[in-house]
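Q: For the sequence shown, our numbering assigns the number -16 to the initial residue and increments by one for each residue that follows. Quick reminder that beta carbons are idealized off the backbone N, C-alpha and C, glycines included.
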Amino acid sequence: MDLFKLKKDFPVLSDKTLTYLDTAASSLKPKSVIKAMDEYYEKYSVNVHRGVYNISFIATQKYESAREKVSKFINSQFDEIVFTRGASSALNLVASSYGLNNLTAKDEIIVSELEHHSQVLPWQNVSNITKAKLVYVPLNEEGRITIENFKKVLNENTKVVALNYVSNVMGYIAPIKEIISLSHKVGAVVTVDAAQAAPHHNIDVKDIDCDFLSFSGHKMLGPTGIGILYGKKELLQKMPPIEFGGDMNDNVDKFEASWKDTPYKFETGTPPIAEAIGLGAAIDYLENIGLDKISKHEKELKDYTVSKMQQIDGIEIYNPNAETGIISFNIKGVHPHDAITFFDGDNICMRAGHHCAQLVIKWLQVVATLRVSFYLYNTTEDCDKFINSLINAQKFFKEMGF
Ligand code: 7TS
-16 MDLFKLKKDF PVLSDKTLTY LDTAASSLKP KSVIKAMDEY YEKYSVNVHR
34 GVYNISFIAT QKYESAREKV SKFINSQFDE IVFTRGASSA LNLVASSYGL
84 NNLTAKDEII VSELEHHSQV LPWQNVSNIT KAKLVYVPLN EEGRITIENF
134 KKVLNENTKV VALNYVSNVM GYIAPIKEII SLSHKVGAVV TVDAAQAAPH
184 HNIDVKDIDC DFLSFSGHKM LGPTGIGILY GKKELLQKMP PIEFGGDMND
234 NVDKFEASWK DTPYKFETGT PPIAEAIGLG AAIDYLENIG LDKISKHEKE
284 LKDYTVSKMQ QIDGIEIYNP NAETGIISFN IKGVHPHDAI TFFDGDNICM
334 RAGHHCAQLV IKWLQVVATL RVSFYLYNTT EDCDKFINSL INAQKFFKEM
384 GF
């Protein structure tokens, strides 16, 4: 792929002094996504599923064709795709609808310390309400979820397994297909947090056989305000809605009502129409390049950067062997919140903090980490800028007596 040509597709990168290394928080958006959304607002910015006039038919058709694109993107059926506000909403929907209605005090829920708060906190809530037991897979010495350790916590009482596909701090890919297969043998359902996986790796939900899979539009070149919940149709059909209102209902009487079929019973009110259309354009863009190419490119950038970082004394890298484009690290003796201001001074966008994953930060026994994350628009030039800045940051803080 011609990376320099590709940078031109991203208006934010027209500022040549800017280095964007924070895709794990949110990706940049290409012109084609912005254009697709502009077109909606300029030409047919009306509601869906209700207007009996031409531009409403167009809006509905574009909105539903975005659902079609998402379903093809992960190889699901059309009606197994629920549009949500983001990955967080999708993960919460599973916990609130499936979890609260199916679990009891006899049951166990498996999670891990690698989870983003949006995966672990909804299940903490389910555990508090239903008294089902929350069980943590012990991480191995590298901080990974392994099959060996997963088997130690999986048992006949396990009813839900709620794990991430790719960790947003460690960048590890979990052995999710085997985890799902083992979980199904004891009758547990698996809800996969794919927020950091779907933007970078081909996912075939039929192949991995997950029960639920959640991800966000804004981490995969799409707009904010839209996420996806994939659920197996037979599960979604049995699950009650968690939000009630317009468009999700069928017949309404004074004291009871019935719901539309899935996915519509989960999408009350005016949906994120422009956002769905933008997400469709993002999927077109990603598929045009190919996710295999993208993930290979990110891994190469990460390996190149890690090898340079390892030549600098006093840099602690927490995940040098990650398979993805995420590097978590610290400059010894320097608080990451101090260090981040130095990178910002060089117009390098990256993240410092607990990354909404405090459990793994505690597992690492640090206060926070710095994080670099790559995507298709990054180049080795970006890596070199970051390395230069890192060397200068270290020198600066040493001189300041840190
Ligand atoms: N799950 C994972 C693994 C994530 O990395 C994130 C966001 C979410 C869920 C939630 O996604 P949202 O779109 O609903 O916010 N992760 C990050 C991050 O690492 N830095 O900022 C947001």
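So, methionine 456 versus serine 80, is the Cβ gap smaller than 7 Å?
A: Lying outside -16 to 385, the shown extent of the chain, residue 456 is not represented and no answer is given.
Q: Would a C-beta distance cut-off of 7 Å place methionine 153 and glycine 170 closer than the cut-off?
A: Numbered from 1 along the sequence shown, position 170 holds the residue referred to as residue 153. Numbered from 1 along the sequence shown, position 187 holds the residue referred to as residue 170. The answer is no: Cβ separation not under 7 Å.
Q: How many angstroms separate the CA atom of threonine 207 from the CA atom of lysine 237?
A: The count along the sequence shown starts at 1 and reaches residue 207 at position 224. The count along the sequence shown starts at 1 and reaches residue 237 at position 254. Each residue's Cα considered, the two are about 37 Å apart.
Q: According to the neighbour-count rule (16 or more other Cβ atoms, all chains shown, within 10 Å of its Cβ), is phenylalanine 380 buried or exposed?
A: In the sequence shown, residue 380 corresponds to position 397, counting from 1. Buried, because 16 or more other Cβ atoms sit within 10 Å of the Cβ of phenylalanine 380.
Q: Quick one: what's got a C-beta closer than 7 Å to leucine 137's C-beta in the same chain, skipping five residues either side?
A: Here residue 137 refers to the residue found at position 154 when the sequence shown is read from its first residue. Excluding sequence neighbours, leucine 137 sits near Ile93, Leu165, Ser166, Val169.
Q: Output the boundary residues of the alpha helix (DSSP H) element that contains tyrosine 46.
A: In the sequence shown, counting from the first residue as 1, residue 46 sits at position 63. Its alpha helix (DSSP H) spans residues 37 to 56.
Q: Rounded to whole angstroms, what's the CA-CA distance from proline 303 to glycine 214? Just pull it up for me.
A: Here residue 303 corresponds to residue number 320 of the sequence shown, with the count starting at 1. Here residue 214 corresponds to residue number 231 of the sequence shown, with the count starting at 1. C-alpha separation (whole angstroms): 34 Å.
Q: Does the Cβ of proline 13 have 16 or more other Cβ atoms within 10 Å, making it buried, or fewer, making it exposed?
A: Numbered from its first residue, the sequence shown carries residue 13 at position 30. Buried: at least 16 other Cβ atoms inside 10 Å.
Q: Which one or two residues does DSSP pair with threonine 174 in a beta bridge?
A: Locating residue 174 in the sequence shown gives position 191, where the first residue counts as 1. The bridge partners DSSP lists for threonine 174 are Ala145, Phe195.
Q: Using only CA atoms, which one of Ile225, His183, Phe357 lies nearest to proline 246?
A: For the purposes of this step, residue 246 is taken as the residue at position 263 of the sequence shown. That would be Ile225, whose Cα lies nearest to the Cα of proline 246.
Q: Can you pull the DSSP bridge partners for threonine 113?
A: In the sequence shown, residue 113 corresponds to position 130, counting from 1. Looking at the DSSP assignment, threonine 113 forms no beta bridge with any residue, so it has no partner.
Q: What are the partner residues of phenylalanine 312, as DSSP defines its beta bridges?
A: Translated into the one-based positions of the sequence shown, residue 312 becomes position 329. Phenylalanine 312 pairs with Ile300, Leu353.
Q: For serine 372 and aspartate 329, which I take to be in contact (beta-carbon distance under 8 Å), what is that distance rounded to the nearest angstrom?
A: On the sequence shown, residue 372 is found 389 positions in, with the first residue counted as 1. On the sequence shown, residue 329 is found 346 positions in, with the first residue counted as 1. That pair is a contact at about 4 Å.
Q: What do you get for glutamate 98, buried or exposed, if any count of 16 or more other CB atoms within 10 angstroms of its CB means buried?
A: One-based indexing of the sequence shown puts residue 98 at position 115. Glutamate 98 is buried by the Cβ-count criterion.
Q: Quick one: using the 10 Å Cβ neighbour count with 16 as the cut-off for buried, is aspartate -2 buried or exposed?
A: Counting from 1 along the sequence shown, the entry for residue -2 is found at position 15. Flag for aspartate -2 reads exposed.
Q: Grab me the residues of glutamate 422's own chain with a C-beta within less than 7 Å of its C-beta, minus the 5 sequence neighbours each way, in chain order.
A: What the structure shows of the chain is the stretch from -16 to 385, and residue 422 is not part of that stretch, so it cannot be assessed.
Q: Enumerate in chain order the residues of its own chain whose CB-to-CB distance from proline 255 is below 6 Å, with the five nearest sequence positions on each side excluded.
A: Looking up residue 255 in the sequence shown gives position 272. Taken in chain order, the residues that qualify are Gly208, Ile209.
Q: Leaving out the 5 sequence neighbours to the left and right, which residues in its chain are closer than 6 Å to valine 29 when beta-carbon positions are compared?
A: Residue numbering aside, residue 29 sits at position 46 when the sequence shown is read from its first letter. Result list for valine 29: Ile38, Ser39, Ala42, in chain order.
Q: List the residues that DSSP assigns as beta-bridge partners of serine 66.
A: Locating residue 66 in the sequence shown gives position 83, where the first residue counts as 1. The question names serine, yet the displayed sequence has phenylalanine at residue 66. Answer is Ile211.
Q: Pull up the CB-CB distance for glutamate 63 and leucine 219, whole angstroms please, since I reckon it's below 8 Å.
A: Taking the sequence shown and counting its residues from 1, one reaches residue 63 at position 80. Taking the sequence shown and counting its residues from 1, one reaches residue 219 at position 236. That belief holds up - the Cβ atoms of glutamate 63 and leucine 219 are roughly 7 Å apart, short of 8 Å.
Q: Give the single residue among Val120, Cys332, Ala351 whose Cα lies nearest to the Cα of glutamine 341.
A: Your numbering for residue 341 matches position 358 in the sequence shown. In this structure, Ala351 is the residue among Val120, Cys332, Ala351 with its C-alpha nearest to the C-alpha of glutamine 341.
Q: To test your reading of the DSSP string, which unbroken beta strand (DSSP E) runs of 3 or more residues are found completely within the segment 325 to 380?
A: 334 to 336, 352 to 356
Q: Does the beta carbon of glutamine 341 fall short of 6 Å from some heavy atom of ligand 1?
A: If you number the sequence shown from 1, residue 341 lands on position 358. Answer for glutamine 341: no, Cβ out of range of ligand 1.
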